[in-house]
Amino acid sequence: MKLFFKKPMVLETIGYLAVIVMVFQRAVLPPDGWLLFGDDIHRAYYFFREFFNVWMSRGVFPWWNPYLFGGTPFIADPIVNIWYPVNWVFLVLPLNIAYSWHVIIHLLWAATGMCVLVKLVTGNRFAAWVSGLVFMMSGFFMARTWSGHVDVIAAASWMPWVIYLFTRLLLDERRDRRGIILAGIVFAFQLLSGYQTMAFMTVIIIGVMSVVFAVRGYSVAGLVRSVTAGIFGIGLAAFHLVPVAEFFRSSIRTYPLPYSWISFGSWTPKSLIQMLSPFYFGDQRMYNGPPPNFGEHSAFIGVIGLLLAVIGVYAVWLSSRIKKRPVSAVFLLGTSAIITVIFGVWMSLGASVPVDLQYIAWKIIPMYQYLRIPTRHLILVVFGLSLLSGIGASYLLIRLRVVRLIGWAVALFVIIEMVPFGRHFIEMHPIPEARHEADLVKLLTADKQPYRVLQNFGVWVEARDSLDFDSVMPYGIFSATGYSPSILRPYYEYIARATGVSGEEAMLSHDVQVPYLAPTQAETLDFLNIKYILVPPDHDPFAGNPRYRLIWDD
1 MKLFFKKPMV
11 LETIGYLAVI
21 VMVFQRAVLP
31 PDGWLLFGDD
41 IHRAYYFFRE
51 FFNVWMSRGV
61 FPWWNPYLFG
71 GTPFIADPIV
81 NIWYPVNWVF
91 LVLPLNIAYS
101 WHVIIHLLWA
111 ATGMCVLVKL
121 VTGNRFAAWV
131 SGLVFMMSGF
141 FMARTWSGHV
151 DVIAAASWMP
161 WVIYLFTRLL
171 LDERRDRRGI
181 ILAGIVFAFQ
191 LLSGYQTMAF
201 MTVIIIGVMS
211 VVFAVRGYSV
221 AGLVRSVTAG
231 IFGIGLAAFH
241 LVPVAEFFRS
251 SIRTYPLPYS
261 WISFGSWTPK
271 SLIQMLSPFY
281 FGDQRMYNGP
291 PPNFGEHSAF
301 IGVIGLLLAV
311 IGVYAVWLSS
321 RIKKRPVSAV
331 FLLGTSAIIT
341 VIFGVWMSLG
351 ASVPVDLQYI
361 AWKIIPMYQY
371 LRIPTRHLIL
381 VVFGLSLLSG
391 IGASYLLIRL
401 RVVRLIGWAV
411 ALFVIIEMVP
421 FGRHFIEMHP
431 IPEARHEADL
441 VKLLTADKQP
451 YRVLQNFGVW
461 VEARDSLDFD
471 SVMPYGIFSA
481 TGYSPSILRP
491 YYEYIARATG
501 VSGEEAMLSH
511 DVQVPYLAPT
521 QAETLDFLNI
531 KYILVPPDHD
541 PFAGNPRYRL
551 IWDD
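As numbered in my numbering, residues 1 to 554 make up the sequence shown, in order.
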C-alpha cells in the first residue's frame with residue numbers, strides 16, 4: 001500500500017491541517033473551562049466520558065451504568081464505543097481538548113481518505129486535494145460538528161478509506177489476499193468507530209460499485225472478494241457488534257412504529273436550494289426549514305464544488321464511451337458516485353417524490369424499519385459529489401493544460417468559499433458543569449439515603465441547564481430518567497403503562513426519555529423510590545398536592 005506512505009501525501013495532509021486551524025482557531029486548544037460546542041457533546045456525550053474516566057480512575061471498569069433509567073448497560077451502549085482506539089484520547093487528555101482533537105482527527109482523516117481515493121481515480125494531486133477539502137468542509141461534517149454528532153463524524157470519516165480499499169479489490173486482477181485482509185480491517189475500524197448507520201451507507205456504495213463492475217466488467221470475481229472482505233471485517237468487530245446488537249434488541253428502538261415516525265425529517269423539494277444557498281432556511285440557530293434541524297439537512301459542498309461535480313459527471317460520461325477492459329477507475333467510481341447521489345437525494349426526499357423509495361425500503365429491508373430521518377442518506381450525496389468534484393477538477397486541469405497554476409487557483413477559490421462556511425459552526429462554550437446549579441447539586445449529592453431523582457420535563461426545556469439529564473452519572477446521582485435513544489424496553493414500558501399508554505404510543509412523543517409522571521402515578525413514584533422531582537418553573541403539576549413539598553424554587 002505505497003499510496004498510504006508516499007511522501008507527497010504528507011504535503012496534502014499538512015494543507016488540510018492548515019485549513020482546519022483556520023476554521024477552528026482557538027478551538028484547537030480550548031482554554032481551561034471552555035469546550036468546543038456541539039449540542040450532543042454538551043448534553044450527553046461529555047457526561048458519558050466523565051463517568052467512564054471517574055470509574056477508571058478508581059480502578060473499576062464500568063460495564064454497567066446504575067445512574068440512568070434505573071440501571072442500564074454502559075459499555076454495550078453504542079454512544080460509548082470505548083474499543084475504538086481514537087476514543088482513547090478521552091482517557092489521556094482533558095475532555096475539553098480531547099473533543100476538539102477528536103473532531104479534528106476525523107476531519108483530517110476524511111479529507112486525506114478522499115484525497116487518496118481521487119488520486120487513485122485521476123492521478124492528479126491538485127484535483128485529489130480539492131475533493132478532500134470539499135468533503136471535509138461540507139455541510140455534513142461542519143454542521144454536525146455544531147450538533148455534536150461526534151460518532152457520526154467519526155464513522156463517516158472512514159467511508160473514503162473503505163471505498164478506496166474495496167475499489168482496489170474490484171480492480172485488482174491479481175486477487176491478492178492481503179488486499180482482502182486490509183479492506184476487512186479498515187471496515188472493522190469503521191464499525192468500531194460508532195454509529196453503524198454510516199457503515200450501512202458505505203455498504204450501499206460498495207454494492208453499487210460491485211454491480212457496476214459486474215455489468216461492465218462481465219465478472220463477479222470482484223464482488224466475491226468484496227463480500228469476503230466485508231464478512232472478515234464484521235467478524236473482527238463482532239466482539240463489539242454482538243453486545244451492541246443485544247442492547248439494541250432490548251431497547252425501545254425495536255418497537256414496531258408507523259412509517260410517519262420513520263420518515264420524519266425528510267427533505268422537501270425546496271431543500272435542494274440549500275445545495276446552492278446553505279442558509280436559505282436560516283443557519284443552525286435560526287433554522288425554520290423542514291424538521292428536525294439544520295444539521296440533519298445540510299449537504300452543502302460549495303458552489304465551486306458543485307460546478308466541479310457537474311464537470312465530473314460530463315467526464316464520467318466521456319469515459320463510458322470508451323469500452324475498456326479492465327473497467328477504468330474513472331468509470332467505475334464516477335458512475336457509482338452518480339448513482340449514489342441520485343439514490344441519496346431520492347431517499348432523502350421521502351414522500352415528497354412520486355415514488356417513495358424510503359417507504360419501499362421500509363417495507364422490504366429490515367434495516368430500514370429502524371433507520372429514522374431519511375436525510376441520513378445525505379452522506380451518500382456529499383460523498384458522491386465530493387468524488388465527482390475531484391474527477392471534474394482533474395478533467396478541467398487536463399483540458400486547460402496549465403495544471404499547476406489553475407490547480408492552485410481552484411484550490412484557493414474553494415478555500416475562500418468553504419473556510420468562512422466552516423467557521424460558522426465553530427463555537428466554544430463553558431464546560432457543562434459551569435451552567436449547573438451548584439447548590440442543587442450539593443443538595444442532591446449530600447443526601448446519602450438511597451433515592452432517585454426525576455427530571456420531569458422535556459429534554460429540550462431550559463430547566464435542564466440546572467442539572468442536565470445525563471450529568472447525574474459523574475455526580476453519582478441516581479435518576480429515573482435520562483437522555484438516550486436506547487432506553488431498555490421493559491423499564492420504558494413499565495413507566496409508559498403507568499401513565500396509561502403503551503410503550504409504542506409513548507414513543508411517538510418521548511423517544512429519548514421516559515414519559516412524564518404526574519401526581520396520580522404516586523405508586524410508580526414510590527416503587528421507583530423517587531424522592532426529588534424537578535419541574536420547570538412555569539409548569540408544576542405537583543403544586544398544591546399535600547403529598548409533595550416544595551423544597552427549591554428557582
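Ideal Cβ positions, reconstructed from N, Cα and C, are used throughout, including at glycine.
Where Ile75 sits in the DSSP three-state scheme: Reduced to three states, the DSSP call for Ile75 is coil.
Proximity to Ile104 [Cα-Cα], best of Ser131, Thr122, Leu165, Arg26: Comparing C-alpha distances from Ile104 to each of Ser131, Thr122, Leu165, Arg26 shows the shortest one belongs to Arg26.
Exposed unless 16 or more other CB atoms sit within 10 angstroms - verdict on Asp470: The residue is buried, with at least 16 neighbouring Cβ atoms inside 10 Å.
Cβ shell of His436 (< 8 Å), same chain only, five flanking positions each side left out: Hits under 8 Å: Asp465, Ser466, Leu467, Asp468, Ser471.
Sufficient close CB pairs (3 or more, under 8 Å) joining the stretch 390–398 to the stretch 362–375: Not touching, per the Cβ criterion.
Coil, strand or helix - Val242 by DSSP: The answer is helix: DSSP assigns Val242 an H, G or I state.
From Ala143, Arg216, Leu307, Leu349, residue whose alpha carbon lies closest to that of Lys270: Ranking the options by Cα distance to Lys270, first place goes to Leu349.
Own chain partners of Val353 with C-beta closer than 7 Å, once the 5 adjacent residues on each side are dropped: Spatial neighbours of Val353 in its own chain (CB-CB distance under 7 Å, excluding positions within 5 residues in sequence) are listed in chain order as Trp346.
Alpha carbon of Ala309 to alpha carbon of Val244, nearest angstrom: Ala309 and Val244 have their C-alpha atoms some 38 Å from each other.
Proximity below 7 Å, CB of Gly407 to CB of Gly312: Contact flag unset, no.
Whole-angstrom C-beta distance between Ala199 and Ala155, which should lie under 8 Å: About 6 Å separates the CB atoms of Ala155 and Ala199; that is less than 8 Å, so the two are in contact.
Distance between Leu332 and Ser564 (C-alpha atoms, nearest Å): This structure leaves residue 564 out entirely; the chain is present only between 1 and 554.
CB of Val162 within 7 Å of CB of Ala411, strictly: No. Outside cutoff.
Rounded distance between the beta-carbons of Gly265 and Thr197, thought under 8 Å: In fact, because the Cβ distance is near 13 Å, the residues do not count as touching under 8 Å.
The stretch 36–54 touching the stretch 91–103, judged by at least three CB pairs closer than 8 Å: Flag = yes, the stretch 36–54 and the stretch 91–103 touch.
Beta carbon of Gly148 nearer than 7 Å to that of Gly305: Contact flag unset, no.
Alpha carbon of Met137 to alpha carbon of Gln190, nearest angstrom: Each residue's alpha carbon lies about 20 Å from the other.
Given Thr268 as reference, the closest of Ala221, Arg249, Asn288, Gly500 once Cα atoms are compared: With distances taken between Cα atoms, Thr268 lies closest to Asn288.
Buried/exposed call for Ile153, threshold 16 Cβ in 10 Å: Buried, because 16 or more other Cβ atoms sit within 10 Å of the Cβ of Ile153.
Exposure label - Pro258; buried when at least 16 CB within 10 Å: Counting the other Cβ atoms within 10 Å of the Cβ of Pro258 gives fewer than 16, which makes it exposed.
Buried or exposed by the 16-neighbour rule on C-beta atoms within 10 Å, applied to Gln274: Classification of Gln274: buried, given that the 10 Å Cβ count is 16 or more.
Three-state secondary structure assigned by DSSP to Asn124: Secondary structure at Asn124: coil, using DSSP grouped into helix, strand and coil.
Cβ shell of Val89 (< 8 Å), same chain only, five flanking positions each side left out: Within its own chain, the residues whose Cβ lies closer than 8 Å to the Cβ of Val89, once the five positions on either side in sequence are excluded, are Ala98, Trp101, His102, Ile105, listed in chain order.
C-beta contact flag for Pro490 and Gly33 at 7 Å: It is not a contact, given that the beta carbons lie outside the stated cut-off.
Candidates Gly123, Pro546, Pro420: closest to Thr520 by CA position: Closest option to Thr520, Cα to Cα, is Pro546.
Pro366, DSSP secondary structure in three states: Residue state, collapsed to three classes: helix.
Length-filtered (3 minimum) beta strand (DSSP E) runs lying within the stretch 85–144: Listed in chain order, there is nothing to give.
Buried/exposed call for Ile416, threshold 16 Cβ in 10 Å: Within a 10 Å sphere around the beta-carbon of Ile416 sit fewer than 16 other beta-carbons, which makes this residue exposed.
Length at least 4, wholly inside the stretch 313–397: the alpha helix (DSSP H) runs in chain order: If only uninterrupted alpha helix (DSSP H) runs of at least 4 residues are considered, those enclosed by the stretch 313–397 are 329–349, 357–364.
Whole-angstrom C-beta distance between Val118 and Gly390, which should lie under 8 Å: That pair is a contact at about 3 Å.
Helix, strand or coil at Ser479 [DSSP, three-state]: In this structure, Ser479 counts as strand in the three-state DSSP scheme.
Residues near Met56 in its chain [Cβ-Cβ closer than 8 Å; skip 5 each side]: Only Pro62, Leu91 meet the Cβ criterion.
Cβ neighbours of Leu444 in the same chain (closer than 7 Å, five flanking residues each side left out): Excluding residues within five positions, the ones whose Cβ falls inside 7 Å are Val453, Ile477, Tyr532.
Span separating the alpha-carbon of Leu385 from that of Gln284: One alpha carbon belongs to Leu385, the other to Gln284, and they sit about 23 Å apart.
Bridge-paired residues (DSSP) for Tyr280: Under DSSP, no beta-bridge partner is assigned to Tyr280.
Inter-residue Cα distance where the pair is Ala18 and Leu133: Between Ala18 and Leu133, the C-alpha separation is close to 11 Å.
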